[in-house]
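Undergrad: 22 is the number of the first residue of the sequence shown in the numbering used here; add one for each residue after it.
Below: one structure in structure tokens.
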Amino acid sequence: MTLIPPFLQVEPWIGATSSPVLILRFLGTSPDSSSVIPMLTSLCQQICYNYNVPNDDIPEDLSPLVQHLKNLFLVATESKPLILFLDSLDQLSAADGAHQLAWLPVELPPHTK
22 MTLIPPFLQV EPWIGATSSP VLILRFLGTS PDSSSVIPML TSLCQQICYN
72 YNVPNDDIPE DLSPLVQHLK NLFLVATESK PLILFLDSLD QLSAADGAHQ
122 LAWLPVELPP HTK
């Protein structure tokens, strides 16, 4: 018997023939997961790692960091889609406008969920 929660059973979303990259973040569990800039930096680092993209140019300021993350979303492919699960968005610090979710694109590229 599988103990995977239904929200992590991604096969219906993406098909059985792909190898998705699944990135989970449980926000508010540490200082870095409570602040939007360290959290976005961590997402960028993990995407770079999983898609073999150099990560030495990740911006430190919010606006360019958000743009960099949006660009990284484009590296996902049909055979290797990117799935992000960010739990407890309400646990983010309100600093840097995190609660307005302006850092999260309104529309995601085709192979990013």
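For glycine and all other residues, C-beta sits at the position ideal for the given N, C-alpha and C.
Note the first and the last residue of the continuous alpha helix (DSSP H) segment covering D53.
TA: As a working note, residue 53 is residue 32 in the sequence shown. Unbroken alpha helix (DSSP H) run through D53: 52–55.
Undergrad: For a quick check, are the C-beta atoms of K101 and S40 less than 8 Å apart?
TA: Residue 101 sits at position 80 when you count from the first residue of the sequence shown. Residue 40 sits at position 19 when you count from the first residue of the sequence shown. Yes, Cβ-Cβ distance for K101 and S40 is below 8 Å.
Undergrad: When the distance is taken between beta carbons, is F94 closer than 8 Å to P59?
TA: Start at 1 with the first residue of the sequence shown, and residue 59 comes out as number 38. Start at 1 with the first residue of the sequence shown, and residue 94 comes out as number 73. No, they are not a contact pair.
Undergrad: Would you identify the three-state DSSP class for G118, choosing helix, strand or coil?
TA: As a working mapping, residue 118 is identified with position 97 in the sequence shown. In this structure, G118 counts as helix in the three-state DSSP scheme.
Undergrad: How close, in whole Å, do the beta carbons of S55 and L113 come, if the pair is a contact with beta carbons under 8 Å?
TA: Counting from one through the sequence shown, the residue named residue 55 turns up at place 34. Counting from one through the sequence shown, the residue named residue 113 turns up at place 92. Going by Cβ atoms, the distance from S55 to L113 rounds to 6 Å, so yes, they are a contact pair.
Undergrad: Taking 7 Å as the limit between beta carbons, can you name the residues of its chain near L45, skipping five residues before and five after?
TA: By 1-based counting over the sequence shown, the position of residue 45 is 24. Same-chain partners within the cutoff: F106.
Undergrad: Counting C-beta neighbours from all protein chains within 10 Å, is the total for W124 16 or more, i.e. buried, or is it exposed?
TA: Sequence index remark: in the sequence shown, residue 124 carries index 103 (1-based). Buried.
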